[in-house]
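Novice:
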Amino acid sequence: MAPVSFTHNSKAVCVMDASGSLGSTLVERLLHKGYTVHAAVQSHGELQCFEGEHYDNKKLRVFHSDPLDYHSIMDALKGCSGLFYSFEPSSDQPTYDEFMAEVEVRAAHNVLEACARTDTIDKVVFTSSATAVIWRDDRNTMSSDIDERHWSDINLCRKFKLWHALSKTLAEKTAWALAMDRGVNMVSINGGFLMAPPHLTIKNPYLKGAAEMYEDGVFVTVDLNFIVDSHICIFENVSSYGRYLCFNHVISCNKDATKLAHILLPPSEACSPERLEDTRVYQQRISNKKLNKLMVDFES
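If you read the sequence shown in the numbering used here, its first letter stands for residue 52, the second for the next number, and so on.
(1) In this structure, does DSSP put Arg80 in helix, strand or coil?
(2) Specify the secondary structure class of Arg294 as computed by DSSP and reduced to three states.
(3) At the level of alpha carbons, what is the spacing between Lys174 and Thr192?
(4) Would you identify the three-state DSSP class for Val269, choosing helix, strand or coil?
(5) Can the beta-carbon of Asn288 be found closer than 8 Å to that of Asp198?
(6) Are Ser203 and Thr220 close, meaning C-beta to C-beta below 8 Å?
(7) On a Cα-Cα basis, can you pick out the residue from Ser195, Leu134 and Cys297 that is closest to Asn276?
(8) Could you pull the DSSP bridge partners for Ala63 from this structure?
(9) With DSSP as the reference, identify every bridge partner of Lys174, one or two as the case may be.
(10) Express the C-alpha separation of Ser303 and Ile337 in angstroms, rounding to a whole number.
(11) Tell me which residue opens and which closes the beta strand (DSSP E) that Ile302 is part of.
(12) Check whether the segment 118-128 touches the segment 155-167, taking contact to mean three or more Cβ pairs, one atom from each stretch, closer than 8 Å.
Below you can see the structure in the form of structure tokens.
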């Protein structure tokens, strides 16, 4: 079998939005691997998080880049061979609603259009969510596990006000349509619930419908280090393609659910007597085999 080919890490790459837990950790890891990194953050206040000794690195450049401002995206991408893109709601609109879907779609369109007009971009790693995969009417009657070939049903998301799922599904579909139309080499990562601050709150919009996800065997979580490694692996591996479901744990029994509740809720609400007596184990109905196969060749 021929060895897997990886891209060389001496090139410049852009991380947008670089201020969240995923983005900032990606910046750190990429610098450690020898990349020149353009860290693009949305607000001027967030520029400060890349100051100080920890980030005293000649290979780091920090940009103010609003995903709704096309020219600021172009500035951040200049000279870069790759983009790691994830959408973080702005601080003045931190929660998801129907309006947020429009904002996220516009942002995805702007970013992919900018990549199409940038001669140096070889690959885009687009961070989406497992919520863009799992919300389907037929998920309990499917003969095979849910995987990255599946998409969440937009009408179902609207009906049950699953705004996070709606936003992620519409934005990712917009990105794919533009990437295919404009010939941009894009790969998407559909991550589970991210087990890292500031995401660890019961108000996180990903968790809308958590009970249904749990009972259907599709409530998946992902550790920060695992999803960061996955992003870099998918970027560096020239054979990566399409979508990748990314998770490393499935919440499938009472022990798992209680442990997560203790993290997300105050102690008084985290555990009820009924919950302690529940011994059911729900069958996993979601697969990440495609990513696991790719990660075998990746040295963290």
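Cβ atoms here follow ideal geometry from the backbone N, Cα and C, with glycine treated the same way.
Specialist: Reading from the atomic positions:
(1) Here Arg80 sits in helix by DSSP.
(2) Judged by DSSP in its simplified three-state form, Arg294 adopts strand.
(3) About 36 Å.
(4) Coil.
(5) Pairing Asn288 with Asp198 gives a Cβ-Cβ distance that is not under 8 Å.
(6) Yes, these two residues count as a Cβ contact at 8 Å.
(7) When only C-alpha atoms are compared, the closest one is Cys297.
(8) For Ala63, which the question treats as bridged, DSSP gives the partners Thr87.
(9) Partner residues in the beta bridge of Lys174, as assigned by DSSP, are Gly133.
(10) Approximately 11 Å between the Cα atoms of the pair.
(11) Counting along the chain, Ile302 falls outside any beta strand (DSSP E), and DSSP gives it neither H nor E.
(12) Result yes; three or more Cβ-Cβ pairs closer than 8 Å.
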